[in-house]
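Have a look at the structure below, then the notes.
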Amino acid sequence: MIPREFEYHAPKSVQDALGLLAQLGDEAKLLAGGHSLLPMMKMRFAQPGHLIDLGRIAELKGIREENGTIRVGAMTTENELIWSKLLQDKCPLLVEGARLISDPQVRYKGTIGGDISHGDPGNDHPALMLALGASFVLRSAAGERVVPADGFFVGTYDTLMKPDEIMTEIRIPVPAPGTGYCYAKLKRKVGDFATAAAAVTLRIRGGAVQDVAIALTNVGPTPLKARAAEDSLRGKPLSDASIVAAAGLAMNICDPAADQRGDAEYKTAMAGEMTQRALHTARERAGR
Amino acid sequence: MAASTDTLERESKLQGLGSSRLRKEDARFIRGRGTYVDDIKLPGMLFGAMVRSPYAHARIKSIDKSKALAVPGVVAVLTADDLKPVKLHWMPTLGGDVQAVLADKKVCFQMQEVAMVIAGDRYSAADGAELVEVDYEELPAIVDPHKSMTPDAPIIREDIADKDNVGHGPRTHPNHIFTWEAGDKAGVDATFAGAEVTVREEILNPRVHPCPLETCGCVASFDKPTGQLTVYLTSQAPHLVRTVVAMLSGIPESKIRIVGGDIGGGFGNKVPVYPGYVVAIVASIVTGVPIKWIESRIDNISTTGFARDYHGVGELAADKDGRIKALRFTALADHGAFNSHVSATKLPAGLFSICTGSYAIPKAYARVDAVYTNKAPGGVAYRCSLRVTEAVYLIERMIDVLAQKLGLDKAEIRRRNFVKAEQFPYTTALGWTLDSGNYHGALDKVLKAVDYDGLRKEQAEKRARGELMGIGISTFTEIVGAGPTKVCDILGIGLFDSCDIRVNPTGSAIARLGTMSQGQGHATTYAQIIATELGLSSDEIQIEEGDTDKAPYGAGTWGSRSTPVGGAAAAMAARKIRAKAQKIAAHLLEVGEGDLEWEVDRFKVKGNPSQAKTMKDIAMAAHTSNLPDGMEKGLDATEYYDPPNMTFPFGAYVCVVDIDRHTGEPKVRRFYALDDCGTRINPMIIEGQIHGGLTEAFAVAFGQAIPFDENGNHLGNSLMDYFLPTAVETPHWETDHTVTPSPHHPIGAKGVAESPHVGGIPCFSNAVVDAFAHLGVTHMDMPHTSYRVWQQCKALGLNER
Ligand SMILES: Cc1cc2nc3c(=O)[nH]c(=O)nc-3n(C[C@H](O)[C@H](O)[C@H](O)COP(=O)(O)OP(=O)(O)OC[C@H]3O[C@@H](n4cnc5c(N)ncnc54)[C@H](O)[C@@H]3O)c2cc1C
């Protein structure tokens with residue numbers, strides 16, 4: 008439980024951090040809250056020679072709204088998300104999701120950018136980002152690009168982000184007023200990752216589903232966007248029967264790995280159950 | 017009237033027996049001022065890091081230390097070959113077997129100790145450990161104890177393959193450790209053959225681990241010039257460790273000092289002597305500098321004293337009214353790769369023979385077969401007096417199974433079988449004499465408190481709606497306080513315990529005991545016993561344990577033995593002092609001893625209460641020349657207490673659980689626990705112990721297990737998977753009590769700390785099974801995780817909408 012020796016760097020700006028990344032190359036790892044990286048280093052699964060701590064870079068912090076988009080600095084912690092009045096008012100799904108991440112200790116240190124960058128299908132933010140239609144700002148010495156969440160997650164611990172890039176910001180289109188939402192997460196105890204979870208946003212207009220997004224956590228090598236389930240609901244009234252049918256379609260795309268939380272059958276069934284619960288709650292919360 | 021108010025006031029000032037005085041230990045713990053082993057820092061200290069086996073069963077072909085030795089800061093790499101010259105590569109266990117200190121030619125469980133890297137700090141030690149290159153040849157592993165004794169089973173312990181006995185009778189297979197039996201087999205068989213009803217169930221107590229907050233570790237410090245060995249060590253039984261170390265090392269026991277310090281939870285995990293301790297001691301003897309070795313959490317869960325792994329079969333024979341006529345319980349015990357199962361020489365299966373429980377069962381037979389597997393050694397840990405949890409789990413589950421078979425209510429069947437209050441002391445079919453009890457009274461009080469009939473009515477309504485609600489009952493009898501030396505010993509040493517009290521001239525006192533607190537609050541409660549016996553304020557009575565240079569010899573704290581044995585020693589030592597004090601008082605008051613009577617804190621002359629001497633007066637007098645002729649100075653006494661019998665605490669618990677049939681999540685809605693531990697020393701501490709024990713019972717019932725794959729690889733040995741409930745998951749506990757004193761204990765007290773664990777686990781399981789009982793389910797094995805409960809729902813088609 009002791010990591011290999013490493014050098015610690017604490018740049019004050021994204022520019023300096025990028026400079027260090029370029030200079031140190033593969034030997035370096037970015038350090039955010041450390042709650043995914045440090046356990047891996049202590050188990051010696053990860054053995055970086057250099058850690059570049061992003062914790063002192065002020066420009067990576069903060070939550071603001073600009074032209075209908077919520078911009079969240081990558082180094083914003085889970086608790087800062089939970090405490091944000093702006094998010095509580097305009098993007099309560101993110102608050103609900105963050106509250107279900109791990110335990111208070113982790114939520115004081117863990118960051119939204121780290122949670123997304125890590126590429127762990129057990130993490131909650133990736134599915135939340137899919138459900139919210141978010142995009143990510145990635146900066147490198149060569150410049151900046153904005154990548155949509157949908158398509159960003161490639162495989163377990165694998166994303167579209169390149170080793171010379173830093174995620175600086177998360178952009179979330181402000182959900183339309185009256186958007187129903189829910190993050191339904193089944194876990195064994197406080198501090199546990201999801202057995203299965205479902206993130207839902209839902210707009211109902213004139214008695215029919217105008218738009219819906221459904222994304223699943225920890226039931227595949229990446230977070231999963233349940234497209235067929237979404238399609239089955241769009242344009243039609245939402246009924247108990249259509250919810251059950253949509254959950255069935257969501258289950259079809261699950262490919263979970265068995266572990267102590269359960270086998271593939273149970274996790275798939277729980278993805279269906281969480282999808283149903285999230286849709287029911289989102290329906291109750293949606294304006295008509 | 018005035019006199020009695022005054023007496024009461026003086027009595028309450030003592031904060032003696034029955035007072036909920038605050039724990040004396042907490043002032044330092046809540047300030048972060050505890051001193052745990054890892055807080056010990058000695059000049060020049062080096063650190064040891066263990067190299068552990070990645071395989072469950074493999075031959076060691078070679079070990080290359082060169083890369084590790086090249087790491088800056090690494091001083092030495094020790095392997096079995098290095099320990100051989102001092103004959104310390106193997107050690108005796110507390111179970112009559114031997115255990116490899118460092119793997120000798122082969123490894124027999126995953127994460128077994130293979131080498132220790134010694135370095136200047138723990139970081140370079142860890143770096144070095146990673147670079148020790150061990151060449152293994154993997155062998156087939158045995159994980160399932162049912163496969164240990166098949167004809168073609170690989171032999172796990174080649175070192176003892178041709179021994180026909182490893183301390184507990186004949187062996188029938190190289191992987192067989194012992195077979196233990198008790199009771200009247202023929203009589204039981206005959207009763208079963210002619211019985212109106214019989215029931216049988218296979219019941220598993222899975223392998224679990226108590227997971228104390230502080231892991232195991234030590235700092236060993238050998239001083240070459242004096243030949244003195246001091247070891248700071250996480251031990252619940254420091255004196256036993258000292259004896260083992262003396263036997264192992266050849267150092268005179270008088271030159272060995274074991275210091276317990278503050279222990280961050282033990283639960284039986286800290287009774288055995290572990291390889292890490294021994295290697296650290298050897299390394300210190302060789303290098304002449306102190307060596308620290310501290311386990312990681314994963315090391316702790318994977319390699320040190322686990323609990324249970326008992327694969328039981330329960331059978332009851334009864335008449336059609338549910339009166340039990342005979343009991344037949346057997347268990348296959350998985351002891352892992354070495355038999356380090358702490359057990360009294362005559363009781364290799366511990367106290368499993370308490371399995372007749374709270375019931376008057378005329379005939380009983382019990383048998384345990386213990387075998388080796390390729391898993392870590394241990395077996396008796398976890399808030400359980402040596403296999404009592406397994407025994408009580410079997411009887412408390414089986415009586416429910418019988419009730420279901422007969423269509424009887426689960427409370428009613430217990431009433432029909434209880435030992436009656438007037439039958440005590442009651443000798444069971446397996447030979448234990450239950451000291452005292454009132455089982456009917458306890459159960460009735462609990463059923464009334466929870467409105468049992470109302471709960472059953474609610475359950476019937478819910479069942480009609482397809483909802484799952486379970487009501488669990490457990491009416492257990494514990495056996496604690498090992499124990500009478502004629503039946504109980506470890507390594508030949510009787511399980512008495514001791515107390516040495518010295519009263520100072522100004523009337524304060526210090527008492528030292530052979531037990532060892534690990535959070536139980538001994539410094540608080542022992543002082544209360546002595547306060548009441550001596551009439552001195554508990555605030556002025558200092559309690560010390562755990563330093564073998566100071567405390568008298570004792571077997572330590574485990575098996576809820578501190579109050580039954582150590583507490584009795586404290587009371588008896590205090591009584592010796594009071595007897596001397598009475599002589600001094602008579603001398604000072606110039607009356608006969610028989611003219612005096614004791615009142616709270618003083619001896620007074622009968623019929624002339626103004627003539628009195630307080631214990632404080634007497635303490636001072638004892639240090640002057642004004643003593644009866646020929647009397648020794650001082651006011652001290654030592655007692656070595658050999659209990660005449662075990663004590664038998666009991667309780668009645670009820671649990672209500674609701675189950676989500678779509679996710680399988682069980683939710684404990686209510687838990688009501690009535691405990692009877694005889695005389696209550698400190699009600700607040702008792703309640704704390706009950707809360708802790710119930711929480712650990714909840715953990716075992718609903719989540720804990722140490723899972724392996726078929727090759728013996730661990731599948732869940734960190735806190736990510738190993739279930740330690742937080743305040744969020746833990747149910748609300750309602751506690752209650754009755755008081756039925758032990759007739760043979762000097763103050764009538766019994767142990768209590770293990771009762772809630774022993775009695776709680778079956779109560780939870782009974783509730784979960786009861787939720788499915790109307791659908792024909794008679795048993796479900798633990799842990800009742802959502803996943804496993806969902807599988808039961810699915811098998812019954814309940815998960816569908
Ligand atoms: C006990 C426990 C339980 C947990 N439970 C949950 C849970 O239920 N749900 C959940 O979602 N998470 C959970 N986590 C993970 C936790 O939320 C982590 O904090 C999170 O996954 C990573 O964020 P971090 O800020 O700690 O990143 P770090 O651990 O510091 O970094 C993680 C990875 O991301 C990279 N990285 C970090 N920031 C950036 C950036 N700005 N740009 C590019 N790369 C970056 C790092 O180089 C590293 O590879 C748990 C963790 C623990 C210890």
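Each protein sequence line maps, in turn, to chains A and B.
Note that the first sequence covers residues 8 to 295 in our numbering.
Note that the second sequence covers residues 17 to 817 in our numbering.
Note that CB positions come from ideal geometry on N, CA and C, so glycine has one too.
Nothing here was measured: the structure is a model prediction, and the numbers come from that model.
Along chain A, which residues have their Cβ under 8 Å away from the Cβ of V744/B? Going along chain A in sequence order, the residues near V744/B (Cβ under 8 Å) are K196 and V197.
For the beta strand (DSSP E) that M485/B lies in, which residues bound it at each end? Per DSSP, M485/B belongs to the beta strand (DSSP E) from L484 to T493.
Tell me the residue span of the beta strand (DSSP E) that contains K391/B. Neither: K391/B is in no beta strand (DSSP E) and is coded neither H nor E.
At the level of alpha carbons, what is the spacing between L229/B and A29/A? Using only the alpha carbons, I get a separation of about 43 Å.
Taking the straight line between their C-alpha atoms, what separation do you get for I77/A and L61/A? Approximately 21 Å between the Cα atoms of the pair.
Between which two residues does the beta strand (DSSP E) containing S147/A stretch? Membership of S147/A in the beta strand (DSSP E) is indicated by the continuous run S142 to S147.
Is A347/B near A334/B, with beta carbons less than 9 Å apart? Cβ distance not < 9 Å, so A347/B and A334/B don't count as in contact.
Straight-line CA distance for G26/A to D315/B? Cα to Cα, G26/A sits roughly 40 Å from D315/B.
DSSP beta-bridge partners of W196/B: V384/B.
Excluding the 5 residues preceding and the 5 following G294/A in the sequence, name in chain order all residues of the same chain whose CB lies nearer than 6 Å to its CB. Correct list, in chain order: G185.
Compute the minimum distance between the beta carbon of L37/A and the heavy atoms of ligand 1, and state whether it is under 8 Å. True, at least one ligand heavy atom lies under 8 Å from that Cβ.
Between which residues of its own chain and L450/B is the CB-CB distance below 8 Å, once the five residues before and five after are set aside? The residues are V435, F440, P441, Y442, T443, T444, T493 and F664.
Taking only beta-carbon atoms, is R241/A less than 9 Å away from chain B? Answer no: the Cβ-Cβ gap between R241/A and chain B never drops below 9 Å.
Listing by chain order, which chain B residues have their CB less than 9 Å from the CB of G32/A? Chain order gives no chain B residues near G32/A, where near means a beta carbon separation below 9 Å; the closest approach is about 23 Å.
Roughly how many angstroms lie between the CA atoms of Q128/B and D120/B, to the nearest whole one? Whole-angstrom Cα-Cα distance: 11 Å.
Strictly by DSSP, which residues pair up with K308/B? In DSSP, K308/B forms a bridge with F63/B and V235/B.
At 7 Å on the CB atoms, spell out the chain A contacts of R481/B, in chain order. From the beta-carbon of R481/B, no residue of chain A is found nearer than 7 Å; the closest lies around 18 Å away.
As a quick exercise: from N520/B, P568/B and V87/B, pick the residue whose alpha carbon is nearest that of T640/B. Residue N520/B is the option with its Cα nearest to T640/B.
Using a Cβ cut-off of 9 Å (strictly closer), state whether E681/B contacts chain A. Residue-level contact by beta carbon holds for E681/B and chain A, with a gap shorter than 9 Å.
Buried or exposed by the 16-neighbour rule on C-beta atoms within 10 Å, applied to S69/B: Buried: at least 16 other Cβ atoms inside 10 Å.
Which runs of the alpha helix (DSSP H) fall wholly inside the stretch 84 to 117 of chain A and span at least 4 residues, in chain order? If only uninterrupted alpha helix (DSSP H) runs of at least 4 residues are considered, those enclosed by the stretch 84 to 117 of chain A are 85 to 90, 92 to 97, 99 to 106 and 111 to 116.
DSSP state of Q22/A mapped onto helix, strand, coil: The answer is helix: DSSP assigns Q22/A an H, G or I state.
Please tell me whether M277/A has its Cβ less than 9 Å away from any Cβ of chain B. By this cut-off, M277/A is an interface position.
When you compare only the Cα positions, how much space is there between E477/B and F354/B? Whole-angstrom Cα-Cα distance: 52 Å.
With a threshold of 8 Å (Cβ to nearest heavy atom), would V123/B be considered close to ligand 1? Set against 8 Å, the gap from the CB of V123/B to the closest heavy atom of ligand 1 is not smaller.
Could you tell me which of F160/A, P133/A and T175/A sits nearest to V79/A, measuring between CA atoms? Nearest to V79/A by alpha-carbon distance, out of F160/A, P133/A and T175/A, is T175/A.
Option in L94/B, Y381/B and I76/B with minimal Cα separation from T207/B: It is Y381/B.
Residues that L529/B bridges to, as DSSP identifies them: Under DSSP, L529/B shares a beta bridge with C515/B and E561/B.
For the candidate residues V226/A, L209/A, K274/A and G269/A, whose alpha-carbon lies nearest to that of P244/A? Comparing Cα-Cα distances from P244/A to each of V226/A, L209/A, K274/A and G269/A, the minimum goes to L209/A.
How about the stretch 219 to 233 of chain B and the stretch 61 to 78 of chain B: do they share at least three Cβ pairs that are nearer than 8 Å? Between the stretch 219 to 233 of chain B and the stretch 61 to 78 of chain B, the count of C-beta pairs closer than 8 Å stays below three; the two stretches do not touch.
Do three or more CB pairs link the stretch 316 to 334 of chain B to the stretch 211 to 218 of chain B at distances below 8 Å? Touching, yes.
When you compare the CB of E291/A with every CB in chain B, is at least one pair closer than 9 Å? Output row for E291/A: interface = no.
How far does the beta strand (DSSP E) with P699/B in it extend, from its first residue to its last? Run containing P699/B: none in the beta strand (DSSP E); it sits in the alpha helix (DSSP H), P699 to F718.
Below 9 Å on C-beta distance, what does G719/B contact in chain A? Those are R195 and K196, listed as they occur along chain A.
Same chain only: Cβ atoms within 6 Å of T275/A, ignoring 5 sequence neighbours per side: Closer than 6 Å at Cβ, skipping near neighbours: M258 and C261.
Excluding sequence positions up to five away, which residues of its chain have a Cβ less than 8 Å from the Cβ of E151/A? Excluding residues within five positions, the ones whose Cβ falls inside 8 Å are V144, L145 and T175.
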